[in-house]
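Student: Structure below; questions to follow.
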Amino acid sequence: MKRIFIFLVLIFFIAPLSRQPSAVFAEQPKYILFDNLENKNFVDSAYWNYLIDPQYMPEIAPYVIRKPFNDVTLQQYKLTDFDVAIFLLGDNRLNTRVGNASVLNAIRQMIAAGKNCLIIGRNVLYYAFNPAGGDLNPEVQKFLSDTLGIEYLTRMKVSRQTGNQIEYWSFNVRGAFGDPVGQSIIKWCNIGYTPQPGVTWWPLAIYLEFDVFKSKDPVKYPPVDHFIRTNNDYPDDTIVGIRTEIGTARLCFWSIGFEAFAGDIPRAYQLLRAINWLKGNIAPDGATYDVDPIIVDFGEVEPGKSDTIEMKIISTGKLDLVLEEIDFWENPDDVFEIISGKITNPITLKRGQSHSVKIRFTPKEKIGYKGSLSIKSNALYQEYRYIEVWGYGGGIQAKGPILTTNFPENLIDFGKVKKPTSKIIELVLKNIGDQT
0 MKRIFIFLVL IFFIAPLSRQ PSAVFAEQPK YILFDNLENK NFVDSAYWNY LIDPQYMPEI
60 APYVIRKPFN DVTLQQYKLT DFDVAIFLLG DNRLNTRVGN ASVLNAIRQM IAAGKNCLII
120 GRNVLYYAFN PAGGDLNPEV QKFLSDTLGI EYLTRMKVSR QTGNQIEYWS FNVRGAFGDP
180 VGQSIIKWCN IGYTPQPGVT WWPLAIYLEF DVFKSKDPVK YPPVDHFIRT NNDYPDDTIV
240 GIRTEIGTAR LCFWSIGFEA FAGDIPRAYQ LLRAINWLKG NIAPDGATYD VDPIIVDFGE
300 VEPGKSDTIE MKIISTGKLD LVLEEIDFWE NPDDVFEIIS GKITNPITLK RGQSHSVKIR
360 FTPKEKIGYK GSLSIKSNAL YQEYRYIEVW GYGGGIQAKG PILTTNFPEN LIDFGKVKKP
420 TSKIIELVLK NIGDQT
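Numbering follows numbering that gives the first Met the number 0, with no gaps: position 24 of the sequence shown is 23.
So this is what it looks like as structure tokens:
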């Protein structure tokens, strides 16, 4: 019976990132990673080192612990006190037991408590659905099908063995378009990726085969990641990552481990996006807020005429949100205007309360306009937040593709960054032309 389908790639990075546990640890940890069911190198290098690195995860690093999945851990900690449990199953079954501790039962406990689980297992689907796996447990099949919405397809081969030689093929895992976790981001697998001359990212493992599936209902069970062979492929039937919500509980599942992805940045930020989505149903400790819509896009408006869009700021944290100022930071030709909801004196919002801002767009010419709305508040980690505002003068002449960015003058300024810390800036590219 085939059990392990990966080989370690012995690669040493020339300049590995410095990763050390945060000096501050919470009295009550919020996140737990179970580390004894997966290869230790993968646990450390594809997950744990990022979780404890405040450079990548400033909101998570102080509150995460790692423990073996066993009776001792489940007696020491009440599982449902954690906001997110990370189950790295490696080549194990979903119904794996360690002593009396059952992985499947632990996941069910988290769901019943309205908490969240990240589940990653290379052979979970193989054992559950593939006759060659030799298990075919009905209870596991029902959970994967009914709870996670998985319709199993096949074991996808990305290698060929001839005698004593194994040939493996490169492939990509691409995030689903518009998904908050996948975000259309391409991960390179079974090959190195060169983001710039002289720098090559490598995966931690080479895959020979893995399982792909469909979503029974893409609305209820949104795909997160797809297997693709070429950059333009976007099949609906080769999913490797999926997510769902059950009441207030949230689940993410991958049939391929993050060790398959080339590079620290793709691995770390895939993990960060997953945890951020999972903990989205938990009120943060400080003051935080959501904005709806996150980008204000007026589309086309005839020059000289106006259109209005209402934007809401919703307080989501455990502490009161204090909005100190809302005004335009960037407003080309003064075509955008706040007609209600502008703040010059602070206002306070309790959790669940919202503040509405009405924005009017009056284009003067048949061109594209991009503005930036600044929100100043007491929000945790984010004193200032900038909301993009887009609009186009109607009747724009066909000019082909026109690329714009979310930075004026197309200049990205990181300012001063103290060693050895780093700063991350999101670059948004948008085609405002009339052709792809």
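All C-beta atoms, glycine included, are put in the ideal place defined by N, C-alpha and C.
#1: Whose C-alpha, out of 139, 189, 228, is nearest the C-alpha of residue 101?
#2: Touching or not, the region 126-144 and the region 179-191, by the rule of three or more beta carbon pairs under 8 Å?
#3: Quick check: the Cα distance between residue 397 and residue 299, rounded to an integer number of angstroms?
#4: Just checking my contact of residue 370 with residue 388 at CB under 8 Å: how many whole Å lie between their CB atoms?
#5: For residue 323, collect the residues of the same chain with a Cβ closer than 8 Å to its Cβ; drop the 5 residues on either side in sequence, then sort them by chain order.
#6: In terms of residue numbering, what span does the beta strand (DSSP E) encompassing residue 295 cover?
#7: Exposed or buried, residue 147, counting other C-beta atoms within 10 Å across all chains shown (16 or more means buried)?
#8: In or out: residue 27 buried (at least 16 other Cβ within 10 Å) or exposed?
#9: Is it true that the CB of residue 126 sits closer than 8 Å to the CB of residue 154?
#10: Would you give the residue range spanned by the beta strand (DSSP E) that residue 403 belongs to?
#11: Between which two residues does the beta strand (DSSP E) harbouring residue 244 extend?
#12: Please work out which residues of its chain come closer than 6 Å, Cβ to Cβ, to residue 287, disregarding the five sequence neighbours upstream and downstream, and give them in chain order.
#13: With H, G and I counted as helix, E and B as strand and the rest as coil, what does DSSP make of residue 111?
#14: Quick check on the DSSP output: the alpha helix (DSSP H) that includes residue 268 runs from which residue to which?
#15: Three Cβ pairs or more, each shorter than 8 Å: is that satisfied between the region 31-46 and the region 205-213?
#16: Along the chain, where does the alpha helix (DSSP H) that runs through residue 319 open and close?
#17: Cα separation between residue 239 and residue 185?
#18: Might you give, ordered along the chain, the residues of its own chain that have their beta carbon closer than 6 Å to the beta carbon of residue 309, omitting 5 neighbours on each side?
#19: What residue from 130, 111, 253, 279 has the CA that sits closest to residue 241's CA?
#20: Taking 8 Å as the cut-off, decide whether the C-beta atoms of residue 55 and residue 248 are in contact.
#21: So what does residue 253 bridge to, in DSSP terms?
#22: Between residue 149 and residue 251, is the Cβ-Cβ spacing less than 8 Å?
#23: If residue 278 and residue 115 are in contact, beta carbons under 8 Å, what's the gap, nearest whole angstrom?
#24: Here's a check: name, in chain order, each residue in its chain whose Cβ is nearer than 7 Å to the Cβ of residue 0, leaving out the five neighbours to either side.
#25: Could you give the distance in angstroms between the alpha-carbon of residue 50 and the alpha-carbon of residue 363?
#26: Give me the Cα-Cα distance between residue 69 and residue 103, rounded to the nearest whole angstrom.
#27: Please state whether DSSP places residue 258 in a helix, a strand or coil.
#28: Report buried or exposed for residue 265, applying the criterion of at least 16 other Cβ atoms within 10 angstroms of its Cβ.
#29: With distances taken from CA atoms, which of 259, 175, 34 is nearest residue 218?
#30: In three-state terms, what does DSSP make of residue 287?
#31: By the three-class DSSP mapping on this structure, what secondary structure does residue 215 have?
#32: Alpha carbon to alpha carbon, what distance is there between residue 67 and residue 89?
#33: Rounded to whole angstroms, what's the CA-CA distance from residue 163 to residue 183? Just pull it up for me.
#34: Can you give the beta carbon distance from residue 255 to residue 172, rounded, assuming they're within the 8 Å contact cut?
Tutor: Reading off the structure:
#1: 139
#2: no
#3: With a pLDDT of 49 at residue 397, under the threshold of 50, the modelled position of this residue cannot be trusted, and the question is left open.
#4: 4 Å
#5: 342, 345, 375, 376, 377
#6: 294-300
#7: buried
#8: exposed
#9: no
#10: 402-404
#11: 238-245
#12: 315, 316, 378, 379
#13: helix
#14: 263-277
#15: no
#16: Run containing residue 319: none; DSSP gives neither H nor E here.
#17: 13 Å
#18: 355, 357
#19: 253
#20: no
#21: 119, 240
#22: no
#23: 6 Å
#24: At residue 0, the pLDDT of 38 sits below 50, so the modelled position is not reliable and the matter cannot be decided from this model.
#25: 49 Å
#26: 13 Å
#27: helix
#28: buried
#29: 175
#30: coil
#31: coil
#32: 13 Å
#33: 38 Å
#34: 7 Å
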